[in-house]
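One structure is given here, and the rest of the page talks about it.
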Ligand code: MN3
């Protein structure tokens, strides 16, 4: 049985300051993400290891393989595990501030310009009611990139879309520094996006 572990952050808790504050990041990682890891492991244990030999992104892509009684829990905890795992990777203290290469070209094709992409993504992030995520995804059916939002911990994998970049807009992602000011958090977050990582994900998928 796959036993999931809390992934290590690729930077120290204070390294995304002042854009993402140390205390919020530490609680977000050690408490919130850990709770999704534990919830996922507990749920999978309850339904028996042999029924889920695949990695969680494959399970999320086909939740019907999970017994109905555990499907909501796997969706929530598995989504929470996988969403946060990506979230840590798409941030960096050494942000390149804007995409390059083929991803930059694709963004120009589908969103006119990087500024326009950022505006659409920010506005959608702001418009999510309650808790959720905003995503840049690759849609393998149409071989194109899209911006989508999901509520709670729903993962783009459940829609057969591959997440490239995700922004957590749950209050727990920003409350100690920004309180209720989600808009300020979103504006600040652009300063820590690891575009090299996001661009590499895109290049691997779109070959
Ligand atoms: Mn979170």
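Numbering (this note's numbering), first residue to last: 111 to 317.
Heads up, the beta-carbon is just placed ideally off N, CA and C, and yes, glycines get one too.
message: Does residue 253 come out as helix, strand or coil in the three-state DSSP assignment?
response: coil
message: Quick check: is any heavy atom of the ligand MN3 less than 6 Å from the C-beta of residue 280?
response: yes
query: How about the stretch 274-290 and the stretch 187-204: do they share at least three Cβ pairs that are nearer than 8 Å?
result: yes
task: Report the rounded CA-to-CA distance for residue 173 versus residue 185, giving the unit in angstroms.
output: 8 Å
- prompt: Alpha carbon to alpha carbon, how far is residue 220 from residue 228?
  reply: 12 Å
field: DSSP beta-bridge partners of residue 272
entry: 248
message: If I measure Cβ to Cβ from residue 213 and keep anything under 7 Å in the same chain, skipping five residues before and after, which residues do I get?
response: 308, 309 and 312
- prompt: Does the beta carbon of residue 283 fall short of 6 Å from some heavy atom of the ligand MN3?
  reply: yes
- prompt: Can you name, in chain order, every residue of its own chain whose Cβ lies under 7 Å from the Cβ of residue 230, other than the five neighbours on each side?
  reply: 221 and 257
- prompt: Going along the chain, which residues of its own chain have a beta-carbon closer than 7 Å to the beta-carbon of residue 236, five neighbours each way excluded?
  reply: 292, 293 and 296
query: Using a Cβ-Cβ cut-off of 6 Å (strictly less than) and excluding sequence neighbours within five positions of residue 260, which residues of its own chain qualify?
result: 242 and 243
message: Check this for me: beta carbons of residue 267 and residue 205, under 7 Å apart or not?
response: no
CB contact check: residue 264 to chain B, cutoff 7 Å: No chain B appears in the structure shown, which is made up of a single protein chain.
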